[in-house]
Amino acid sequence: MMMKSSVSAVALMALVASSAQAFLSFGGNGNTHVTIYGYAIMMKIYEVCKAVAKSEGREFEPTGSSVEELLRACMGTATGEVSGAKLLTALNQIYMQNGLVDRDFMSSAPHHFNNEAFSEGRNLIIQGIAAVKANIRADNLQSAREILGRVCHTLQDFYSHSNWAELGYKSPYANLIRPDLTIENTADFKMPTCSDCASGQCPNSLLPAILNGKYLTSGYMGLFSSVKPQGKCSHGGDADLSSTQNPRGGISKDESHSYNADLHNTAVNLAAEATLELLEDVRVVIGDKEYLRLMGIASSVVLAFVIDTTGSMIDDIVEAKRVAYNIIDSKKGTQDEPSEYILVPFNDPEFGPLIRTRDPDAMKSEISNLKANDGGDLPEMCLSALQLALVGTPSSSHIYVFTDAPPKDVGLQKTIISLIRSTKSTVSFFMTSTRRRKRGITAEPRTDFQVYYDVALASGGQAIEVSKSSLSQATNIIVDTSTSVLVTILQCSRSPGCVESFPFLLDESVSNAIVYVTGNGLAYTLRSPSGSSQSSTVLNGILGTIHKVGNLQRIQLNGTEKGLWHIDMTSTQPYTIKITGQSTITFIYDFVEEFKGPHPGYAVIDGHPPAGFPAKMLLTLTGGKGPEVLEVQEVSLVDVSGLVVSKGTTEKMSDGNVLVTVTEVPEEFVVLLKGKDMMFNSLFQRQTTTQMSQSNLTIKVTADGSMLPGQEFQLNFTVTTKGTGGVYTIRANTDKDFKMEHTSQLTLESGGSVQGKVSLSPPVDTVSGTDVTLTLEAEAPGGTDSNFAVLRLSVVSKATDLTPPECKMFDVQGHCSSSSCSSSIWELSVNITDGQGSGIKSITVQQGSGKFTQNQVEDGGVTMVMGHYEASCCSPSVTLTSVDKVGNVGRCSFKIDTSAGSALISMTLPLWACLLASALSLLHDTFSL
């Protein structure tokens, strides 16, 4: 393991010294699972960024300690500003799993290594690691992050809930993440493990036989009963009923007290180091650049098109191609160069497939290959294609739909809006007039496009109606939003329209401010902070340039004067206003609920927050020098279609997070934040675009584990209502064509809960790592209320290859002396094989500055890699890392003794334990990597 840098040591010292709390869920003011994980993640990111910079021949020199400054240094020499939002969103997808494990698996002993459930807890970790690697191979990064978060929670709990620290171990337990090993030397079920601790505050109540015999045990947790096996340790704490039964007390190190501070600190260190080792295991399997993508270090720009390919769409496809080519070519080498390209074609009855690539030339080829044909009737499968795009693009993406026909699959509208609210993605529509005919009848009235207007409004996107000949004048909006630092200053909608003045604040960090107004027959006046004004009838004025096409007016502000602006609307026709700019200052948020139990905290709400209670959200600021120089002054929930503004109270939490509580919640709302950039003494405002609402319904579903190809996978879900009783409609949709059965109706009483079931059956040939997005919706009688839950499930094949490759050194040449290292070289020859396993995928030099060459040979039906390493004696050691095709990892290390002029071998089993021996005595020995 390579964590013992000065950065790591300082961070770990700070970790154990920063607070008295640890191993609690997200949301505390001290150390939590999230802060332990956060230290490990940031240390590993720092290490990988440094390695990537070195491989690219550039320096890695962050200008400060904030996430934002680390990100800028890591992203390299590309021009342009960098936003920390994508990184923080990715990390939150990991971190937020901690609260879900403590809430949803509160009573599960294996998830927390309670009740001596060591084999079961280890199996969760091993299976989880396999699922993480399979999802990464399939490029399903969000699923990989979520699983990684759950795995690390369980891994960290081992060190707090077991007696590993009391046994005196100073390094993590390798067997927890090694699929080829098992848990060893556990206390028998009938073996007493603890002595009685009447005060409940004993520093170490483990029996001498347990300590002397190095037996592994953990505390029993009695959430519902005080009964436990005779003589066994308890977990301890107020929630543990078993801790009142002899032997009393507990061995949990979740929190630091005067009687267990040393053990607590040891457990924190071990948990952090174990997390680092797990992250390193993932890193060597996927490589440095893919690891950074997993952690959200990539351009936040994703170019996503959903395109109607029916016969009348020839001109639209040509325009989509032109815009895509323009963005690809103009953004190359900048921070705004898209990190992914998504394309989903549709017509009727076909839609898809989703085409996803990171290769700009491949995107050019795919969009060039689109052909417009067929389509005699009007309705098309637009929403089905949009569903694929929403689940296939990263969260908070901008998706653009090109069509000239209403949707045939209108029944998916609520599913689409649920996915939008879950992913916080923005959808905009370009709707062109059509000349299609059906039996001599012209196209349906534009009211049939109302679904698109509703979806656009729910997501914060635009619904733009233009003629086909004018489409090229409207697509500038795609170029406008193709930036990694796009922020929304204000967005609102009025239907019917009304005379109203809308203020918006442009701060020192904002550039390229643009105002979009959609609607017909609109009139308005723009006013600047200095008092200048410009009417909507003046296309090229002192404040900006107005471009009108179809129902869209785009106003490019000149110079972007800082301060409070106004747009005064004088129309009574329906309209929407959206004001964007480019700035690194932004925020991310999640609605959460507080939960109690042995490890209380906050867990993310999947769906609408519950009605009748204050809405709570965890909010993270990013930008500039980090959250330390950004001050939250006001957070409000704003009715996007009216005048209701509900201000919240804020509580500063750890790592820049802010807990916001809003008592009075509008029926439908967005989040508006106002703050101050203390670096420039500048006030700012930012707004989310996704409309949210509350519900009297809750729908909860939890998946524990992955699906297996060819096997039915069953899920239970629970619907609860505080509203009226009656028959509730249940809808289930996935983005894959798997066989699915589900409860379609549930009868509930007011205040009651009822359970339903969903079963999914992946085909036997489903590729391991395939993820499935399941959207469950519950609707009250008469459609008066609804809520949803979105769950990402993984299909992972059963592992049959559990053993890492083997390494055999058969020759060492050279003698080295530290006094004249530059004039001498040494050489090493190795054979590496995976035996009857899945086969070698990659071999890399993880440590050492020499040159490694390799070639493959067949030996008795087994593929063997013959490797040769040559290095200067100034680089006397090397570590070779080998990965097989299912992700088993190992390392072997070799070192020339420069003091004695002889060769030494060190063998790493895999990634951390180093056994030193004489090279001369082990020249022909075979060992596991």
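When we follow the working numbering, the leftmost residue of the sequence shown carries the number 85, and every step to the right adds one. Here a beta-carbon is modelled for each residue, glycine too, at the ideal position from N, C-alpha and C. What you are looking at is a predicted structure, and each value in this text was computed from that prediction instead of being measured.
Is G923 near K892, with beta carbons less than 7 Å apart? No. Outside cutoff.
Local Cβ density within 10 Å of S906, reported as buried at 16 or more and exposed below that: The residue in question, S906, is exposed, as its Cβ has fewer than 16 Cβ neighbours within 10 Å.
Going straight from the alpha carbon of S342 to that of V746, what length do you get? Approximately 38 Å, taken between the alpha carbons.
The alpha helix (DSSP H) with D187 in it runs from where to where? The amino acid at residue 187 is misidentified as Asp; the sequence shows Arg. Under the DSSP assignment, R187 falls in the alpha helix (DSSP H) whose first and last residues are Q181 to D188.
Determine the closest residue to N915 out of D849, S966 and E464, with distance taken between C-alpha atoms. If we check each option's Cα against that of N915, S966 comes out closest.
Cβ shell of T850 (< 6 Å), same chain only, five flanking positions each side left out: Here the set comprises P793 and V879.
Run through DSSP, which three-state label would P437 get? In the structure shown, P437 adopts coil according to DSSP, grouped into three states.
Just the C-alpha distance for P433 and K492, rounded to the nearest angstrom, thanks. Separation of P433 and K492 (C-alpha to C-alpha, rounded to the nearest whole angstrom) is 9 Å.
What residues in its chain sit with their C-beta under 6 Å from that of G732, if we drop five residues either side in the sequence? For G732, where only same-chain residues beyond five positions count, the Cβ hits under 6 Å are V719, V744, T745 and V746.
Tell me whether F486 is buried or exposed, calling it buried when 16 or more other Cβ atoms sit within 10 Å of its Cβ. By the beta-carbon neighbour count (other beta carbons within 10 angstroms, threshold 16), F486 is buried.
Which residues share a DSSP beta bridge with Q666? Answer is L570 and S595.
Are there 16 or more other CB atoms within 10 angstroms of the CB of T277, so buried, or fewer, so exposed? So T277 counts as buried.
If we call anything under 7 Å between Cβ atoms a contact, is P437 one with T393? Contact: no.
How many Å lie between S139 and V874 at the Cα? Taking the straight line from one Cα to the other gives about 40 Å.
Measuring from the CB of K498, is there a heavy atom of the ligand FMN at a distance below 6 Å? With respect to small molecules bound, the structure shown includes none, and the ligand FMN cannot be examined in it.
Please name the residue, chosen from E145, K455 and A222, that lies closest to S852 on a Cα-to-Cα basis. Comparing Cα positions, the closest option is A222.
Over what stretch of residues does the alpha helix (DSSP H) that includes L875 continue unbroken? Here L875 belongs to no alpha helix (DSSP H); instead the beta strand (DSSP E) covers S870 to V879.
Kindly indicate which three-state DSSP category G866 falls into: helix, strand or coil? G866 falls in the helix class under three-state DSSP.
Nearest to S730 by CA position, among N219, E752 and D885, is which residue? Taking only the C-alpha atoms, the option nearest S730 is E752.
Comparing alpha-carbon positions, which option in K415, L470 and T670 lies nearest N431? Comparing Cα positions, the closest option is L470.
How far does the alpha helix (DSSP H) with N207 in it reach, from first residue to last? Where N207 is concerned, the enclosing alpha helix (DSSP H) stretches over F202 to R221.
Closer than 8 Å is the cut-off here; do at least three beta carbon pairs connect the segment 567 to 576 with the segment 533 to 540? No, the segment 567 to 576 does not touch the segment 533 to 540.
So what does W649 bridge to, in DSSP terms? Answer by DSSP bridge pairing, in chain order: F588.
Closer than 8 Å by C-beta to N780: which residues in its own chain qualify, once you throw out the five before and the five after it? Chain order, please. Within the same chain, N780 has close Cβ partners P694, A695, G696, T805, K806, G807, A864 and D869.
Answer yes or no: do P256 and L347 have a C-beta to C-beta separation smaller than 7 Å? No. Outside cutoff.
Apart from the five residues on each side of it in sequence, which residues of its chain come closer than 6 Å, Cβ to Cβ, to L251? So the list reads K298, once near-sequence residues are dropped.
Using the Cα positions of Y243 and Y253, report the straight-line distance between them to the nearest angstrom. Between Y243 and Y253, the alpha-carbon positions lie close to 10 Å from each other.
Measuring alpha carbon to alpha carbon, tell me which residue in Q920, N939 and C900 is nearest S913. The option with the nearest alpha carbon to S913 is N939.
Near S986, what residues of its chain come up, given a Cβ to Cβ distance below 6 Å and the 5 sequence neighbours on each side ignored? Its pLDDT being 48, under 50, S986 is placed unreliably by the model, and nothing is read from it.
Would the segment 578 to 591 and the segment 675 to 685 be scored as touching if the rule is three or more Cβ pairs under 8 Å? Touching, no, given that fewer than three Cβ pairs across the two stretches are closer than 8 Å.
Grouping DSSP H, G and I as helix and E and B as strand, with all else coil, what is N741? In the structure shown, N741 falls within a strand segment according to DSSP collapsed to helix, strand and coil.
What is the DSSP secondary structure of V746, counted as helix, strand or coil? Taken through DSSP and simplified to helix, strand or coil, V746 comes out as strand.
Cβ neighbours of L832 in the same chain (closer than 6 Å, five flanking residues each side left out): The beta carbon of L832 is closer than 6 Å to those of T805, G809, Y812 and V838 in its chain, skipping five residues each way along the sequence.
6 Å Cβ shell around S790 - same chain, five flanking residues per side excluded: For S790, where only same-chain residues beyond five positions count, the Cβ hits under 6 Å are A215, S878 and V880.
C-alpha distance - S843 paired with D819, whole-angstrom precision: Near 15 Å, if we compare the C-alpha coordinates of D819 and S843.
Could you name the residues of the same chain whose beta carbon sits closer than 6 Å to that of S620, not counting the 5 residues immediately before and after it, in chain order? Correct list, in chain order: A607 and Y608.
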